[in-house]
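**Q** Residue numbers (the UniProt record's numbering), protein chains in the order written: chain A, 1 to 431; chain B, 1 to 274. Shown below is the structure under consideration.
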Amino acid sequence: MPEKFDVVVVGAGPAGTACALTCARNGLNVLLIERGEYPGAKNVMGGVLYRQQMEDLIPEFWMEAPLERPVIEQRFWMMDKESVISFGYKGLEWAAPPYNNFTVLRAQFDQWFAKKAVEAGALLINETVVTECIVENGKVVGVRTDRPDGEIYADVVVLADGVNSLLSKQLGFHKEFRPDEVALTVMEVINLPKEKINDRFNLEDNQGCTIEIFGDSTKGNLGTAFLYTNKESLNIGVGTTLSSMIKAKLKPYELLDYLKNHPMVKPLIAGGESAEYLAHLIPEGGFRSVPKVAGNGVVVIGDAAQLVNAIHREGSNMAMHSGLLAAEAVIEAKNRGDFSESSLNSYREALYNSFIIKDLEKYKDAAHTFEKYPQYFKEYVPMMNQAASKFFTVDGTPKRDKQKQIIKNMTSEKGTLRVLQDLYRAWKAVK
Amino acid sequence: MHIVVCVKQVPDTKIIKINPKTNTLDRRSAPAILNPYDAHAVQEAVKIKKKNGGTISVLSMGPPQATEVIKKSIEIGADRGYLISDRAFAGADTLATSYALSKALERIGKDLPVDMIICGKHAIDGDTGQVGPGIARRMDIPPITSVIEVTEVNQQEKTVLIKRKLTRGYELIQSEMPCLLTVEKEINEIEYSPMPNMIKAAKYEPIIWTVNDLENVERTQLGLKGSPTIVGKMFTPPRPEGGKKLEGSASEQISQLMEILMEKKDLLTIPSSK
Chain A
1 MPEKFDVVVV GAGPAGTACA LTCARNGLNV LLIERGEYPG AKNVMGGVLY
51 RQQMEDLIPE FWMEAPLERP VIEQRFWMMD KESVISFGYK GLEWAAPPYN
101 NFTVLRAQFD QWFAKKAVEA GALLINETVV TECIVENGKV VGVRTDRPDG
151 EIYADVVVLA DGVNSLLSKQ LGFHKEFRPD EVALTVMEVI NLPKEKINDR
201 FNLEDNQGCT IEIFGDSTKG NLGTAFLYTN KESLNIGVGT TLSSMIKAKL
251 KPYELLDYLK NHPMVKPLIA GGESAEYLAH LIPEGGFRSV PKVAGNGVVV
301 IGDAAQLVNA IHREGSNMAM HSGLLAAEAV IEAKNRGDFS ESSLNSYREA
351 LYNSFIIKDL EKYKDAAHTF EKYPQYFKEY VPMMNQAASK FFTVDGTPKR
401 DKQKQIIKNM TSEKGTLRVL QDLYRAWKAV K
Chain B
1 MHIVVCVKQV PDTKIIKINP KTNTLDRRSA PAILNPYDAH AVQEAVKIKK
51 KNGGTISVLS MGPPQATEVI KKSIEIGADR GYLISDRAFA GADTLATSYA
101 LSKALERIGK DLPVDMIICG KHAIDGDTGQ VGPGIARRMD IPPITSVIEV
151 TEVNQQEKTV LIKRKLTRGY ELIQSEMPCL LTVEKEINEI EYSPMPNMIK
201 AAKYEPIIWT VNDLENVERT QLGLKGSPTI VGKMFTPPRP EGGKKLEGSA
251 SEQISQLMEI LMEKKDLLTI PSSK
């Protein structure tokens with residue numbers, strides 16, 4: 001007779017682990033299934049972990065979690081071929097508890113996080129692939145795995161199986177995602193001595209810096225690049241929507257090579273040794289791509305539910321928070337003894353009332369706008385770089401004349417009306 | 001039929017790095033795994049149990065996190081697992097390790113007499129292959145090394161038929177039980193563990209013994225104190241330089257080769273024994 005659990009969670013990433021941890025703490029009988037050799041073996045993200053949603057789960061986690069550096073500086077680069085416009089914020093208040101966010105290496109962090117769920121009483125099983133949900137009378141009653149005697153039954157199945165969630169697709173919650181709904185990101189971990197990182201990024205030992213790079217970093221395509229500092233390594237990566245990559249015939253590894261050899265980036269990573277190369281799809285469809293998240297005996301969380309805010313590079317925090325909200329709904333459902341869709345819809349309600357869906361709703365047109373009107377990355381970024389160069393070059397021209405010239409250059413190339421249209425459209429997309 | 005399998009937690013030497021300054025293993029650079037040969041030992045015990053019934057225990061010595069390899073053994077199909085873990089065992093060489101393990105085996109045998117002990121051929125971190133035979137010697141049972149097949153177990157007669165790998169061919173031997181086997185990798189294929197085993201392993205809490213749980217232990221024979229082995233020097237062997245590749249047609253290559261050989265005549269003459 002196969003075992004029956006209160007909850008089976010598929011996938012031990014941030015979402016699944018947060019959900020398993022919360023359920024186990026509340027006395028539920030939880031099985032957490034991971035396909036990798038260990039949690040974190042298969043996961044990829046740029047490397048920024050936000051503090052707040054993690055602390056909701058484990059107060060003062062920074063005392064014991066394997067973190068790299070607290071981020072005290074966030075820079076943004078608008079990059080042209082041989083220049084950048086740089087702006088950002090650096091503040092020492094982020095260098096002390098409670099911090100704002102941290103750089104992490106997922107292979108280590110996810111293992112530690114999953115251990116917390118195990119200590120709370122969840123059972124963790126690695127190297128096991130869930131092949132499908134077991135559906136009886138229109139209700140999900142368990143999962144089937146690729147192991148012999150691999151059926152597991154549960155009151156609720158939590159799908160945290162990541163981007164491209166095959167299990168929620170099997171249930172008809174979403175169709176195959178379109179190429180403009182997912183980004184392909186490639187990244188490298190580059191080992192570099194601590195002293196070099198501190199010098200090059202102007203940091204102390206326990207301080208980190210993040211740089212988000214737009215424009216030429218993706219050869220003007222819709223996407224971003226990033227460069228984050230770990231203790232003794234850098235995370236460097238670049239991603240664009242799959243549709244842009246197809247349209248521009250870009251090869252992801254060529255894009256990363258291009259970035260690594262860009263004159264603004266090369267000196268920062270010089271002498272480093274590539275330690276890891278990773279690639280992954282990131283769900284970036286936003287608000288309109290969020291699938292059905294609750295059904296009879298099943299909920300969907302994290303990347304599997306497309307919960308990523310690409311504009312603010314937030315994902316793992318949303319994953320964790322959705323895991324927490326789902327766990328709360330499952331616990332309520334358990335108390336009611338009702339695991340139907342209408343009962344589990346309290347998760348959907350909580351999700352839609354949280355910052356997660358509110359933020360995704362705010363930017364619901366952003367990706368679409370920037371995909372449809374490529375001039376923002378392709379034309380305006382170089383134009384602004386030229387303008388900045390002109391404005392800051394001291395050549396005896398009066399500043400007022402320079403301003404006029406810059407504005408004239410912009411409007412003569414595109415026409416005043418079009419520039420205003422573009423500005424209005426961009427503002428509308430992110431307002 | 002009670003089989004005890006001795007297992008060890010080792011760093012995964014496929015990925016481990018060596019600290020060039022100290023020439024020691026950088027253990028943080030590699031995950032700890034169940035010694036691959038020991039996995040085959042556990043798998044063989046599972047195969048024997050399938051045919052003959054009985055109980056499989058696993059035994060390991062190491063720090064508290066070595067419980068991981070016991071859980072892994074439960075996944076493969078072991079019934080229960082013991083870990084002996086104590087500062088008194090730390091720093092043990094193969095002599096002290098086999099002593100400590102034999103004392104633990106005595107204790108296990110008091111609860112349920114042991115018919116067979118199985119070990120892996122050797123651990124991939126030390127490569128000595130001495131602990132298995134060391135245990136057999138201390139327990140005064142036959143050690144049977146290089147096992148590639150457990151052909152037959154006769155529980156009435158308390159005998160076992162074993163195929164051993166030799167440099168050329170193999171040998172078939174019969175031994176009385178209890179006996180100790182050390183197994184080669186080709187003895188079996190590790191099976192993909194069924195789900196119930198996985199759940200059992202995830203729930204399983206190994207039995208942990210300290211030195212005080214063992215009986216008649218001579219403390220001077222444990223740990224660093226009981227280890228006469230001294231590591232004189234450790235070094236990373238230099239990578240061999242690549243050879244020269246001859247190019248051109250076959251006859252050109254042959255004449256080039258002849259030239260080289262004629263230059264190095266000393267390679268062609270057999271040194272006379274003086």
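We put the CB at the ideal spot given by N, CA and C, even for glycine. Keep in mind that this is a model prediction, so the values were computed, not measured.
If you measure beta-carbon to beta-carbon, which residues of the region 128-151 of chain A are closer than 7 Å to chain B?
**A** Per Cβ criterion, the list reads Thr-128, Thr-145, Arg-147, Pro-148, Asp-149 and Gly-150.
**Q** What's the call for Lys-274/B, buried or exposed, on a 16-neighbour Cβ count within 10 Å?
**A** Walking along the second sequence from the start, residue 274/B turns up at place 274. Model confidence at Lys-274/B stands at a pLDDT of 49, short of 50, so the residue's coordinates are unreliable; what they give is reported in the following sentence. That one is exposed.
**Q** Residues in the same chain with beta-carbon distance under 8 Å from Lys-402/A, minus the five sequence neighbours each way, listed in chain order, please.
**A** If you number the first sequence from 1, residue 402/A lands on position 402. Only Lys-390 and Phe-391 meet the Cβ criterion.
**Q** Which class does Met-262/B belong to by DSSP, given the choice of helix, strand or coil?
**A** Locating residue 262/B in the second sequence gives position 262, where the first residue counts as 1. If DSSP states are grouped into helix, strand and coil, Met-262/B belongs with the helices.
**Q** Counting only Cβ-Cβ distances shorter than 7 Å, please list the residues of the region 191-204 of chain B near chain E, keeping chain order.
**A** Going by chain labels, chain E is absent from the structure shown, which instead holds the protein chains A and B.
**Q** I'd like the span of the beta strand (DSSP E) that includes Glu-152/B, first residue to last.
**A** Locating residue 152/B in the second sequence gives position 152, where the first residue counts as 1. It spans 143-154 - the beta strand (DSSP E) in which Glu-152/B sits, taken as one unbroken run.
**Q** Pull the bridge partners of Leu-31/A from the DSSP assignment, please.
**A** Position 31 of the first sequence, counting from 1, holds the residue named residue 31/A. DSSP lists Val-8/A and Leu-123/A as partners of Leu-31/A.
**Q** Which of helix, strand or coil does DSSP assign to Thr-128/B?
**A** For the purposes of this step, residue 128/B is taken as residue 128 along the second sequence, with counting starting at 1. Coil.
**Q** Evaluate the contact criterion for the region 87-106 of chain A versus the region 33-50 of chain A: three or more CB pairs, one atom per stretch, below 8 Å.
**A** The region 87-106 of chain A is in contact with the region 33-50 of chain A.
**Q** Does the structure place the region 195-208 of chain A close enough to the region 158-178 of chain A that three or more beta carbon pairs sit under 8 Å?
**A** No contact exists between the region 158-178 of chain A and the region 195-208 of chain A.
**Q** What residues of chain B sit near Glu-3/A, judged by a beta carbon separation below 8 Å?
**A** The residue given as residue 3/A occupies position 3 in the first sequence. Under the 8 Å cutoff, chain B gives Pro-196 and Ile-199.
**Q** Relative to the C-alpha of Tyr-373/A, which candidate in Pro-263/A, Ser-244/A, Arg-178/A and Ile-211/A has its C-alpha closest?
**A** Numbered from its first residue, the first sequence carries residue 373/A at position 373. Among Pro-263/A, Ser-244/A, Arg-178/A and Ile-211/A, the Cα nearest to that of Tyr-373/A belongs to Ser-244/A.
**Q** Run the CB neighbour count on Ala-250/B, radius 10 Å, all protein chains shown included, and call it buried at 16 or more, exposed below.
**A** Sequence index remark: in the second sequence, residue 250/B carries index 250 (1-based). Flag for Ala-250/B reads exposed.
**Q** Which whole-angstrom value is the C-beta distance of Leu-242/A and Leu-307/A, which I expect to be below 8 Å?
**A** By 1-based counting over the first sequence, the position of residue 242/A is 242. By 1-based counting over the first sequence, the position of residue 307/A is 307. About 18 Å; that fails the 8 Å criterion.
**Q** Residues bridged to Leu-34/B by DSSP?
**A** Within the second sequence, numbered from 1, the residue matching residue 34/B stands at position 34. Answer is Gln-9/B, bridged to Leu-34/B.
**Q** Can you find a CB in chain B that lies within less than 8 Å of the CB of Leu-124/A?
**A** Taking the first residue of the first sequence as 1, we reach residue 124/A at position 124. Closer than 8 Å: yes.
**Q** Compute the beta-carbon to beta-carbon distance between Val-130/A and Ile-197/A, rounded to the nearest angstrom, for a pair I have assumed lies under 8 Å.
**A** As a first step, residue 130/A is located in the first sequence; it is residue number 130 there, counting from the start. As a first step, residue 197/A is located in the first sequence; it is residue number 197 there, counting from the start. The Cβ separation is near 40 Å, so there is no contact.
**Q** May I ask which residues mark the beginning and end of the alpha helix (DSSP H) holding Lys-139/A?
**A** For the purposes of this step, residue 139/A is taken as the residue at position 139 of the first sequence. Run containing Lys-139/A: none in the alpha helix (DSSP H); it sits in the beta strand (DSSP E), 139-145.
**Q** Can you tell me whether Tyr-50/A is helix, strand or coil according to DSSP?
**A** As a first step, residue 50/A must be located in the first sequence, where it is residue number 50. Three-state DSSP puts Tyr-50/A in a strand.
**Q** Given a threshold of 16 other Cβ atoms within 10 Å of its Cβ, counted over all protein chains shown, does Gln-253/B qualify as buried or as exposed?
**A** As a position in the second sequence, residue 253/B is number 253, starting the count at 1. When all chains shown are included, Gln-253/B counts as exposed.
**Q** Would you identify the three-state DSSP class for residue 435/A, choosing helix, strand or coil?
**A** In this structure chain A extends from 1 to 431, so residue 435/A is not present and cannot be described.
**Q** On the criterion of 16 or more Cβ atoms from any shown chain inside 10 Å, does Ala-96/A qualify as buried, or is it exposed?
**A** Counting from 1 along the first sequence, the entry for residue 96/A is found at position 96. When all chains shown are included, Ala-96/A counts as exposed.
**Q** Closest by CA to Glu-284/A, which one among Gly-150/A, Pro-39/A, Thr-224/A and Ser-217/A?
**A** Sequence index remark: in the first sequence, residue 284/A carries index 284 (1-based). The shortest Cα separation from Glu-284/A among Gly-150/A, Pro-39/A, Thr-224/A and Ser-217/A belongs to Thr-224/A.
**Q** Report yes if the C-beta distance between Ile-3/B and Ile-48/B is below 8 Å; otherwise report no.
**A** Here the question's residue 3/B lines up with position 3 in the second sequence. Here the question's residue 48/B lines up with position 48 in the second sequence. Yes.
**Q** Taking only three categories from DSSP, how would you classify Ala-20/A?
**A** Looking up residue 20/A in the first sequence gives position 20. The answer is helix: DSSP assigns Ala-20/A an H, G or I state.
**Q** What number of angstroms, rounded off, separates the C-alpha of Ala-275/A from the C-alpha of Pro-70/A?
**A** As a working note, residue 275/A is residue 275 in the first sequence. As a working note, residue 70/A is residue 70 in the first sequence. The alpha-carbon atoms of Ala-275/A and Pro-70/A are separated by roughly 22 Å.
**Q** Quick one: what's got a C-beta closer than 6 Å to Arg-400/A's C-beta in the same chain, skipping five residues either side?
**A** Stepping through the first sequence from its first residue, residue 400/A is reached at position 400. Same-chain partners within the cutoff: there are none.
**Q** Please specify which runs of the beta strand (DSSP E), each continuous and at least 3 residues long, are wholly inside the region 141-175 of chain A, giving them in chain order.
**A** Entirely contained in the region 141-175 of chain A, the beta strand (DSSP E) runs reaching 3 residues are, in chain order, 151-159.
**Q** Taking C-beta to C-beta, are Ile-162/B and Ile-144/B nearer than 8 Å?
**A** If you number the second sequence from 1, residue 162/B lands on position 162. If you number the second sequence from 1, residue 144/B lands on position 144. Taking 8 Å as the Cβ cut-off, Ile-162/B and Ile-144/B qualify as a contacting pair.
**Q** Would you call Ala-387/A buried or exposed, if buried means 16 or more other Cβ atoms sit within 10 Å of its Cβ?
**A** Sequence index remark: in the first sequence, residue 387/A carries index 387 (1-based). By the 10 Å Cβ count, Ala-387/A comes out buried.
**Q** So, at 8 Å on beta carbons, what are the nonlocal neighbours of Ile-108/B in its own chain, with the 5 sequence-adjacent residues on each side left out?
**A** What you label residue 108/B is simply residue 108 of the second sequence in a count that begins at 1. Within the same chain, Ile-108/B has close Cβ partners Val-4, Ser-57, Leu-59, Tyr-82 and Val-114.
**Q** In this structure, does DSSP put Lys-225/B in helix, strand or coil?
**A** Locating residue 225/B in the second sequence gives position 225, where the first residue counts as 1. If DSSP states are grouped into helix, strand and coil, Lys-225/B belongs with coil.
**Q** Give, in chain order, every unbroken run of the alpha helix (DSSP H) that is at least 4 residues long and sits entirely within the region 134-215 of chain B.
**A** As far as the region 134-215 of chain B is concerned, its whole alpha helix (DSSP H) runs of at least 4 residues are 195-203.
**Q** Below 8 Å between beta carbons: does that hold for Ala-122/A and Ala-15/A?
**A** Position 122 of the first sequence holds residue 122/A. Position 15 of the first sequence holds residue 15/A. No. Outside cutoff.
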